[in-house]
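Enquirer: Pasting a structure here, questions to come.
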Amino acid sequence: MRAGRIANADTAALIAQSREADERDRVAKTYLCSLLGYDTAALANEGFAVYAPARLRLEAALRAAQQSGATLDDPQPRSSHPWHFITNRSTTLATLQSIGASAGRAEDPSDPAHTPAYLGFFDDDISDSDRLNSPHASGPLQL
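Numbering-wise (the working numbering), the sequence shown opens with residue 1176 and increments by one.
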């Protein structure tokens, strides 16, 4: 990096190609998540929300999403349901909740086919009191 820009031209080109591919695939990805009922995500640079769907269910959804992505041209695809964010960092949880985002503590999933596991990049620093003060926590965390 030099002056906020990637100095290596090959690396910059690969990053640009990756971003372009993500943009092209956005409609199919939105549709795929909708088909699978996925509505929980982690924040970039903090961790991953990891789903484990059954193989046949995933294959069918991928085929359907691939076919729909070729025909849909929505510049701003929308999910049919609101998204929820999970984190294992108290500052992130507080920030998301302060702006009205649906957010909660990342926990071990009870149903990995429908609830994501969380692979965090940072140590868990959310206390039980943070979890209990969450507007979405009435009993076990509902994501």
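For each residue, glycine too, the CB sits at the ideal point set by N, CA and C.
Keep in mind it's a predicted model, so treat the numbers as computed, not measured.
1) Within its chain, find whatever has a CB closer than 8 Å to the CB of A1235; leave out the 5 residues flanking it on each side and keep chain order.
2) Do D1383 and N1263 have their CB atoms nearer than 7 Å?
3) Check A1312 in the structure and name its three-state DSSP category.
4) DSSP three-state call for A1178: helix, strand or coil?
5) Between A1203 and A1240, is the Cβ-Cβ spacing less than 7 Å?
6) Among residues of its own chain, excluding the 5 on either side of V1225, which ones have a beta-carbon nearer than 6 Å to its beta-carbon?
7) By DSSP's criteria, V1225 is part of a beta bridge. Which residues make up the other side?
8) For I1190, count the other beta carbons within 10 Å of its own beta carbon; 16 or more makes it buried, fewer makes it exposed. Which is it?
9) Helix, strand or coil: which one does DSSP assign to R1264?
10) Classify R1194: buried if its beta carbon has 16 or more other beta carbons within 10 angstroms, exposed otherwise.
11) From the DSSP output, in three-state form, read off S1216 for me.
12) Kindly indicate which three-state DSSP category Q1317 falls into: helix, strand or coil?
13) Can you tell me whether DSSP reads A1276 as helix, strand or coil?
14) Quick one, are the C-beta atoms of F1260 and A1216 less than 7 Å apart?
15) What separation, rounded to the nearest whole angstrom, lies between the Cα atoms of L1271 and A1219?
Expert: Answer, in terms of the structure:
1) If we look at A1235 and ignore the five residues flanking it on each side, it has no Cβ neighbours.
2) No answer is possible for residue 1383: it lies beyond the span of the chain, which begins at 1176 and ends at 1318.
3) Any answer about A1312 is weak, because its pLDDT of 41 lies below 50 and its placement is not dependable; what the coordinates show is given next. In the displayed model, A1312 falls within coil according to three-state DSSP, outside both helix and strand.
4) Reduced to three states, the DSSP call for A1178 is coil.
5) Yes; because the gap between Cβ atoms is below 7 Å, this pair is in contact.
6) Answer for V1225: P1291, A1292 and L1294, listed in chain order.
7) Here V1225 is bridged, per DSSP, to A1292.
8) Counting of Cβ neighbours within 10 angstroms places I1190 among the exposed residues, the total staying below 16.
9) In the three-state scheme derived from DSSP, where H, G and I count as helix and E and B as strand, R1264 is classed as coil.
10) With fewer than 16 other beta carbons inside 10 angstroms of its own, R1194 counts as exposed.
11) It should be pointed out that residue 1216 corresponds to Ala in this sequence rather than to Ser. Strand at A1216.
12) Note that Q1317 has pLDDT 35, beneath the 50 cutoff, so the model's placement of it is unreliable and no number is given.
13) DSSP places A1276 in coil when its eight states are reduced to three.
14) In this structure, A1216 lies closer than 7 Å to F1260 by Cβ.
15) Spanning the two alpha carbons is a distance of roughly 14 Å.
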